[in-house]
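Sequential numbering from 221 applies to the sequence shown in this note's numbering. Have a look at the structure below before the remarks.
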Amino acid sequence: MRKDLMIKKPVIIIGCPRSGTSLLFTILSTSKHLWSLYRESNDIWENFYRFTGKEFKNEVLTGEDLSEESKGFLLKEFHKYSFNNYYTGYFLRECLSKNSLLRPLSMLITEANLLYKNLLIKEYRLVEKTPKNCFRISFINKLFRDCKFIFLKRDGRSNIHSLIEGWKLNGKYIRMKDPAVKLNIKGYDGKDWNFVMPPGWENHTNKSLEKVCAFQWISSNKAAIEGLKEIEEKRKYTISYEDLSNNTYSVIKELCDFIEIPFSGQLRNISYKPPDVNYVSRPQKEKWKKNAALIEKIYPQIEPVMKELGYPSP
C-alpha cells in the first residue's frame, strides 16, 4: 500500500447481532462514495490474531492491542479487500467465496482491484461492519482516528427473539466451532457457540438459551454505550432498528448528511424500498410475542439497558 494512500473518515457500523446492522451495511454499501468489503470482516480480524499471535479469549480489543506493525497489517487488509462496485462485491461473496474451485478467479479479481487502487486512487472512504466491533471501539478509534461510528440499537425483546431464532439454525451464525468449554445450553442442542463472545461467555455455557441471548444483547449494547462515551459527539450517531425499518428513506437521508456523502443514485433508490436482508423469519411487528413466555422471564435482566437505550417499560 502506498504511503500516500489513505482510508479517510471510514464509517464504522456497530450494534448487537440481529439489530439491523446488515440492513444498514447493505444500504450504505450501494453508495459510490463508500468502498466496502460487501461482507463482514471476520476473516480480516482472524488474520489479525494470527499475525500478532494474540490468543483469542473474547471479542474485546483495546487500543493497547494495536501496535504500529499490526496497524499497518490491518490497513493493508482493508485496503486489499475493499471494492467500490456493489455487483462485484455481491459476486465475490455469493459465488466465488463459496466455491473453492473458483478461488483463483476471486484472487485475480482482488489483485486487479488492488492494482487499480494503488495506481489511480489517492484516498477513499470505507464502510465497515461487524457486531463484534461493539467490543473494539477504542481499538478501532486508534486504527482510524477520523472514523465515524453508527450505533444500531433495537428493542431487547425483539432483538433477543431474533437471536434465539438464529441460535436454533445450527451452522448459520457460528462464532466458534466446538469450543473447549462444552456447551450445555437449555433449548439448544448444538455444540457450537453462535454470534458474539463477550467477556464471561464461558459462564453461560450451562444457562438457558434465552439467558445466553439476553447476555449477548446486554453485553453488546453496554460495550457500545461505554465505548462511545470516549468518542466526540461529532463522530457518533445512533439509529434505532425500528426507525430504520419503518422510515428507511428519511433515516438514510439524515444519516448521509452526518457521514457527509450524497443521498443519490443507487443509495437513494434502495432507500425507497429496502431489501429483506439476513432474516431468519419474515420481519413483523412484535414478533417477539411468539416467544413471550421466554422473553418475560429475562425482561428484568434487560430492563436497565432497555431504559438506557430509551425504550419505555411495557
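Cβ coordinates follow ideal geometry from the N, Cα and C atoms, glycine included. Quick caveat: nothing in here was measured; it's all calculated off a predicted structure.
Just to confirm the assignment, what range does the alpha helix (DSSP H) spanning residue i have?
i      : result
THR350 : That residue, THR350, is in no alpha helix (DSSP H); it is neither H nor E in DSSP.
LEU248 : 241-248
ILE522 : 512-528
TRP387 : 376-387
PHE271 : 262-272
LYS473 : 468-479
TYR307 : 306-311
ILE490 : 485-492
Would you mind working out which of the options sits nearest residue i, comparing C-alpha positions?
i      : options                        : result
PHE371 : GLY309, SER440, THR308, GLY410 : SER440
LEU257 : PRO230, THR282, GLY235         : PRO230
LEU529 : LYS473, ARG374, SER428         : ARG374
SER358 : VAL432, MET327, ASP285         : ASP285
TYR492 : PRO534, GLU480, PHE483, THR468 : THR468
ARG455 : LEU335, LYS473, GLU480, SER470 : GLU480
ASN278 : ASP496, MET417, SER484         : MET417
ILE515 : HIS424, LEU346, ASN379         : ASN379
TYR310 : PHE245, VAL432, HIS381         : PHE245
ILE490 : SER470, LYS507, LYS509         : SER470
GLY447 : GLU523, LYS507, CYS354         : CYS354
LYS228 : GLY240, SER249, TRP255, GLU523 : TRP255
ASN546 : GLU331, ASP263, GLN521, TRP413 : The shown model of the chain, from 221 to 534, leaves out residue 546, and the question about it has no answer.
Could you tell me how far apart the beta carbons of residue i and residue j are, in whole angstroms, since I believe they sit closer than 8 Å?
i      : j      : result
PHE415 : LEU464 : Contact doesn't hold; Cβ gap of about 20 Å is too wide.
TYR457 : PHE435 : That pair is no contact at about 26 Å.
LEU363 : LYS291 : 6 Å
VAL497 : SER242 : 5 Å
PRO351 : GLY235 : 6 Å
Could you please give the first and the last residue of the uninterrupted beta strand (DSSP E) stretch that includes residue i?
i      : result
LEU295 : Segment 288-301 is the alpha helix (DSSP H) holding LEU295; no beta strand (DSSP E) there.
LYS458 : Looking at the sequence shown, residue 458 is not Lys but Thr. 456-460 is the extent of the beta strand (DSSP E) around THR458.
Sort out for me which residues DSSP pairs residue i with in a bridge.
i      : result
ILE227 : TYR344
ILE232 : GLU348, PHE369
ASN361 : Note: ASN361 sits in no beta bridge, so no partner.
ILE394 : ASN414
LYS406 : SER428
TRP508 : DSSP output for TRP508 lists no bridge partner at all.
TRP255 : LEU346
Using a Cβ-based criterion (distance less than 7 Å to any ligand heavy atom), does residue i qualify as near the ligand SAH?
i      : result
PHE298 : Absence of the ligand SAH is noted for the structure shown, with no ligands found whatsoever.
- request: Answer yes if the stretch 266-274 comes into contact with the stretch 388-402, meaning at least three C-beta pairs across the two stretches below 8 Å, and no otherwise.
  value: Short answer: they don't touch.
- prompt: Three or more C-beta pairs closer than 8 Å, one from the stretch 299-307 and one from the stretch 332-349: is that the case here?
  reply: With a cut-off of 8 Å on Cβ pairs, the stretch 299-307 is in contact with the stretch 332-349, counting three or more such pairs.
message: For the structure I just gave you, are there three or more beta carbon pairs, one from the stretch 426-434 and one from the stretch 403-410, closer than 8 Å?
response: A contact between stretches requires three or more CB pairs, one per stretch, nearer than 8 Å, and the stretch 426-434 meets this requirement with the stretch 403-410.
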